[in-house]
Every structure is written in C-alpha cells, then in structure tokens.
Amino acid sequence: MIDGETLLTAFQHHAAATPGKRFVVFEGRTWTYAESLARSEAFARGLSAWGLHPGERVALYLETSPDFLFCCFGAQLAGAAVVLVNNQYKQTELRHILSDSGARLCVTGGEQVAELARLRAELPALARALTLGPELDAFIADAPNVLNLPKPASSDIAYIAYTSGTTGRSKGALLTHRNTLSNARSVTEAWQWTADDHLLHMLPLFHTHGLMVGIHGTLLRGASCELHRHFSARIALDRLRSGGFSLFFGVPTMYTRFIAEALSCAAMPLPLRLCVSGSAPLSPATFAEFERLFGQRIVERYGMTETIMNLTNPVDGERRPGTVGGPFPGQEARIVDLKTRRPLGPDEIGEIEVRGPHVFAGYLNQPAATAECFDGEGWFRTGDLGQVSPDGYFTITGRARELIISGGYNIYPREVEEAILTCPGVAEAAVFGQPDPEFGERVCAAIVRSDPALTAEAIVEHCRAELAGYKKPKRVFFVEALPRNAMGKVQKHTLADGFAQS
Ligand code: MLC
Ligand code: AMP
471 MIDGETLLTA FQHHAAATPG KRFVVFEGRT WTYAESLARS EAFARGLSAW
521 GLHPGERVAL YLETSPDFLF CCFGAQLAGA AVVLVNNQYK QTELRHILSD
571 SGARLCVTGG EQVAELARLR AELPALARAL TLGPELDAFI ADAPNVLNLP
621 KPASSDIAYI AYTSGTTGRS KGALLTHRNT LSNARSVTEA WQWTADDHLL
671 HMLPLFHTHG LMVGIHGTLL RGASCELHRH FSARIALDRL RSGGFSLFFG
721 VPTMYTRFIA EALSCAAMPL PLRLCVSGSA PLSPATFAEF ERLFGQRIVE
771 RYGMTETIMN LTNPVDGERR PGTVGGPFPG QEARIVDLKT RRPLGPDEIG
821 EIEVRGPHVF AGYLNQPAAT AECFDGEGWF RTGDLGQVSP DGYFTITGRA
871 RELIISGGYN IYPREVEEAI LTCPGVAEAA VFGQPDPEFG ERVCAAIVRS
921 DPALTAEAIV EHCRAELAGY KKPKRVFFVE ALPRNAMGKV QKHTLADGFA
971 QS
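Take the position in the sequence shown, starting the count at 1, then add 470; the result is the number in the numbering used here.
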C-alpha cells in the first residue's frame with residue numbers, strides 16, 4: 471500500500487474518472503461521484519476555515535442521509551478523525567463518548583439536537599454543534615472556494631468507533647486510514663465487488679457493518695448504493711422486486727423479518743448476486759429457509775469494530791451454514807487455548823485471534839486495555855470463542871466476554887446494570903441475555919428492590935431516559951437476593967436457567 475493512499479484518494483479518483491456515475495441514491499435523489507465529492511470537499515474547506523486542525527475530532531450524531539457521508543468524508547478530508555455516535559444514544563452514552571473523544575465539533579440533526587443540547591455545558595471541548603439542514607447548507611455555502619486541504623497519511627486516525635465496554639464504559643477503537651483501506655480491499659476482493667454492483671443499503675451508518683462494509687466497499691470500487699433511513703422488510707421486498715440491485719447486506723433479524731414478509735404476501739424478490747449476513751449468528755434454519763424460498767445461499771461473515779471484517783464464507787465455493795468461513799485475503803486467523811494462549815488444532819475450541827493490516831491501532835486513552843488485547847506478535851484477541859474445521863471453516867461457538875447481541879447491536883450487561891442501579895428503589899441488579907426468536911438474544915434484568923413499590927415499568931422507563939432504547943430490559947424479574955458463588959460473584963447462568971421459561 472502506497473503511503474497517503476486512502477479511501478479518500480479512491481473517492482477523488484472516481485469523481486475524476488467517472489464524475490457522472492451515481493454513488494448514492496436517497497429518497498428519490500441521486501448523488502453522483504462528482505457531486506458527492508464536491509459537497510464533501512466544500513465541507514472540509516469550511517471546517518478548515520472555521521479553525522479545525524488536522525488530528526482533531528469531529529463527531530457525527532446523526533440519522534442516515536447522504537449528508538452523513540459527506541460530513542464523514544469531508545471531516546476526514548480536513549484531516550480530522552470521525553467519531554461515530556449511534557443516534558439512539560442518550561445522555562449517559564453521549565456524555566462519555568463526546569468527552570472521552572474530546573470532539574471539537576459535532577454534526578447533529580433531528581431528535582438528536584435536543585439530546586445534545588442538554589449536555590453542552592458539560593462538554594467544554596465541544597466548540598460547535600452544527601445542525602443538518604439550513605445551518606449545514608450555509609456552512610458549506612460560506613466555505614472558501616479555494617483552500618489547500620491536508621493530505622491524510624495512512625497511519626492517521628480515520629475513525630474513533632466506540633465499542634461496548636466490559637467495564638460499563640465504551641472504549642474508542644482507533645481505526646487508521648490503512649485499516650479502512652486494506653479492509654475495503656479485502657472485502658471487495660473476496661466478494662468480487664465491482665463498479666457495476668448496486669447495493670440495497672438499510673443498515674445504520676454509525677457502525678462497522680453499514681459504514682465500513684456497505685459504504686467503504688461501494689466507494690472503493692466506484693459502485694453505487696440506495697440508502698434508506700431504516701430497515702423495513704416491506705420496503706426491502708418492494709425494492710428488491712423492482713430490480714436493479716445486486717447486493718444486500720443485513721443482520722440476521724433482517725433476514726428473518728424479510729422471510730416472514732415474503733411469505734405473508736407470497737411475493738418473491740428478484741435474485742441478487744450476493745446476500746451477506748453478519749454482526750450476529752445466522753441460524754442454519756434461517757440460512758436454509760432463505761435458500762428454500764429464494765434459491766440463494768447467504769454468505770455469512772464475521773467482523774468487529776476493532777478489526778472491521780475478519781472471516782467470510784466464499785463467493786465461489788461452499789457457503790457452509792453455521793460457519794463464518796475463513797480469513798479475508800491478506801489476513802490471518804487462528805484459535806488459541808484460553809489459558810496457555812497456544813494455537814490449537816482443528817475442531818478444538820478456544821479464542822479466535824486475528825492478525826493483519828485491518829487490525830486497529832488501539833483504544834483511545836486506554837493503554838492497559840490496548841496492551842491486554844494484543845499478544846506481542848500482532849495477534850488481536852477477539853474475545854469470541856470458536857473452532858476451525860480441518861478444511862478451514864471457522865465456527866463461532868460462544869464468547870469469552872459477557873455480551874448480549876440483540877438484533878445485531880452489542881449490549882454489555884454491566885452498562886445496563888449501572889444505569890439500573892441509579893434508579894431509586896433498586897438495591898441490586900444483574901443483567902443477562904435470554905434467547906429471542908426475533909432478535910437472537912434479549913436483555914433481561916433480575917432486580918433486588920429496596921422499595922417494594924418499585925415497578926418493572928419504572929425501571930424500563932429509567933433505562934430509556936439514560937440509554938439507547940435497544941438496551942432497556944425486555945423482561946424484569948424481581949428476586950429476594952441475587953444468586954452468588956462463594957467469592958460473592960453473581961451467578962448469571964443460574965438466573966438465565968432459572969428464568970428460562972419465563
Ligand atoms: C430496535 N429495538 C431493538 C432493537 N432495535 N430492541 C432490541 N434489539 C434491537 N436490535 C427497539 C427500539 O428500542 C424500539 O423500542 C423498538 O425496538 C422499535 O425501534 P425501531 O428503530 O423501529 O426498530 P426496528 O426497525 O425494529 O430495528 C430492528 C433492526 C435494528 C434489526 C432493523 O435493530 C437494526 O438496524 N440493527 C442493525 C444493527 C447493526 O447495524 N449492527 C452492526 C454493528 S457492527 P422502544 O420501546 O424504545 O420504542 C458489528 C460488526 C459486524 O457488529 O460484524 O458487523
Ligand atoms: P461490535 O464490537 O459491535 O463490532 O460487534 C462485534 C461482535 O459481533 C463480534 O465480536 C462477535 O461477537 C459478533 N459477531 C459479528 N459477526 C458475527 C457472526 N457472523 N456470528 C456471530 N457473531 C458475530
């Protein structure tokens with residue numbers, strides 16, 4: 471990889487080589503490569519003229535729209551690192567991310583404006599909140615027409631992407647331009663993505679899956695996508711029946727809802743070149759049902775915020791249900807023993823480790839956590855458990871860390887417990903996952919009350935105000951005491967087993 475070669479240079483290349491080619495279609499409007507780059511560069515010049523320095527952070531706390539992308543790439547063109555913020559985040563998450571990242575400017579819009587405004591006084595580093603719509607349009611219109619922009623180096627930070635943290639506080643994963651470019655190259659090579667591909671894109675943009683797979687792949691290849699604000703199985707089916715698409719990427723919940731929708735209206739989508747699932751385990755039953763109905767074998771792949779994409783089933787070759795295939799081109803993966811950390815042989819269960827140019831540069835402000843997740847030879851400890859078949863297919867069998875994955879969103883029990891403990895009337899709380907037919911897993915809480923009048927609804931409402939909605943418990947169980955072992959540690963498996971039928 472040539473230094474200074476980034477996804478931004480690929481963007482500039484396509485805008486020059488195929489200026490009239492569509493990049494993004496959104497709510498009836500088509501943005502060509504040339505128009506998209508022009509708006510991104512104007513935003514970059516506006517940022518520089520405003521006083522943003524290379525290396526500073528620009529946060530995006532936004533709904534999906536083309537401006538999400540133009541502000542994202544525009545900020546990077548101005549030399550900034552982009553801080554991705556889930557737009558469902560509420561006070562607790564937002565306070566932590568914006569103060570930990572030290573963001574100087576935050577682009578926001580819609581319902582997020584008021585949520586951010588409530589926190590402004592607590593965020594001294596945040597010099598400006600810029601709202602989508604007339605304010606952003608004026609900012610871009612007022613940008614100088616000519617201004618030399620910095621040229622980001624491959625080792626510069628492109629993103630700070632917050633991952634749910636085992637400690638209850640999420641950690642900012644530092645992804646360099648080298649990470650994002652090398653990953654986009656690996657993914658597009660493995661999936662044979664070309665400029666002719668057109669992606670139906672219904673994933674959120676603030677996470678790895680939607681942004682660093684869907685958008686980065688499109689951008690690297692000079693391809694196109696149709697962007698939607700939300701996933702809707704009905705709209706997905708309609709759009710896929712209208713033709714013109716070659717790719718669809720989703721989390722397993724989207725596939726199960728899509729199957730149910732197609733069955734309920736007895737309508738079949740036109741075949742695509744490739745359907746990919748990831749972010750959570752795809753059940754072999756969903757894989758089989760999808761193939762039975764649509765004659766397509768879903769390609770399941772495995773990734774994470776710190777590494778973007780790691781493992782994939784092949785496009786040519788056997789797509790094996792229940793597995794996530796092998797490493798992407800240019801990457802390595804192995805299974806090691808949890809205690810000895812020695813590599814294991816085929817079919818032995820251990821922790822999955824990965825190595826390659828896609829692996830992140832570390833966690834922001836967290837040298838100890840960064841040191842802990844590397845082995846000294848560049849192998850990154852994923853925290854996922856798995857095994858590899860003699861012919862090289864990896865299967866994820868569990869997790870070495872406590873984590874609930876609901877509809878493709880990661881939820882760390884500790885964070886929800888900390889929020890619940892601030893609810894008046896709660897003495898103790900333990901949060902755990904239960905299987906869920908729609909979301910894969912659901913959040914449950916066992917609560918010891920100090921106020922016997924406290925209701926489950928009050929606890930759920932309290933969580934809703936503090937945290938993103940998908941983290942709130944879907945079930946609340948009141949208990950006299952939490953089951954603990956001799957060391958005083960809460961036995962969550964006892965709770966999960968005890969309430970299995972509830
Ligand atoms: C929404 N809700 C959820 C939920 N999503 N509850 C539990 N789990 C979820 N995943 C709740 C909301 O809080 C709200 O509750 C109610 O459901 C309706 O909200 P909605 O926005 O209308 O939800 P819906 O459209 O049904 O969303 C479902 C979904 C969405 C599957 C489309 O969750 C989604 O887009 N998931 C994708 C997540 C993703 O991109 N993950 C990739 C991470 S990257 P209330 O009560 O508040 O109204 C990664 C690496 C990798 O993991 O490998 O890719
Ligand atoms: P995140 O840190 O939010 O990026 O989530 C990454 C985690 O999602 C991984 O560590 C896995 O636990 C999980 N994950 C991603 N893809 C898959 C998959 N195909 N099957 C099972 N788990 C997955």
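Yeah, the Cβ is synthetic: ideal placement off N, Cα and C, and Gly gets one too.
Boundaries cannot be given for W849, as no beta strand (DSSP E) includes it and DSSP labels it neither H nor E. With a cutoff of 7 Å on beta-carbon distance, G895 and R919 are scored as near each other. The closest CA to that of D921, considering only E950, A831 and L855, is found on E950. Beyond the five residues adjoining it in sequence on each side, E475 comes within less than 8 Å, by CB distance, of S624 and L651 in the same chain, given in chain order. Three or more Cβ pairs closer than 8 Å define a contact, and the segment 728-748 falls short of that threshold against the segment 835-846. In this structure, the straight-line span from the alpha carbon of S571 to that of L740 is close to 44 Å.
C-alpha of V824 to C-alpha of R954: approximately 35 Å in a straight line. Within the segment 738-782, the runs of beta strand (DSSP E) that reach at least 3 residues and sit entirely inside it are, in chain order, 744-747, 769-774 and 778-782. Counting along the chain, the unbroken beta strand (DSSP E) around T502 starts and ends at R499 to T502. The count of Cβ pairs closer than 8 Å, one atom from the segment 565-580 and one from the segment 670-689, stays below three, leaving the stretches out of contact. It is roughly 12 Å from the alpha-carbon of S694 to the alpha-carbon of F718. Under the criterion of beta carbons closer than 8 Å, V829 and F798 do not qualify as touching, at roughly 12 Å. The alpha helix (DSSP H) runs lying completely inside the segment 784-819 and spanning 4 residues or more number zero. In the DSSP assignment, R648 falls within the unbroken alpha helix (DSSP H) covering H647 to A660. Within the segment 555-636, the complete beta strand (DSSP E) segments at least 3 residues long are 575-578, 598-601 and 627-633, listed from N- to C-terminus. By the Cβ rule, the segment 845-860 does not count as touching the segment 880-893, because fewer than three pairs are nearer than 8 Å.
Contact annotation: R767 and L617 have beta-carbon atoms that are not nearer than 7 Å. As the crow flies, the alpha-carbon of A915 is around 48 Å from that of Y503. Residue burial annotation: C843 is buried, with at least 16 other C-beta atoms found within 10 angstroms of its C-beta.
A direct Cα-to-Cα measurement between E818 and R869 gives close to 15 Å. One thing to note: N557 has its Cβ within 7 Å of the Cβ of L532.
Fewer than three Cβ pairs drawn from the segment 959-967 and the segment 927-936 lie within less than 8 Å of each other, which leaves the two stretches out of contact.
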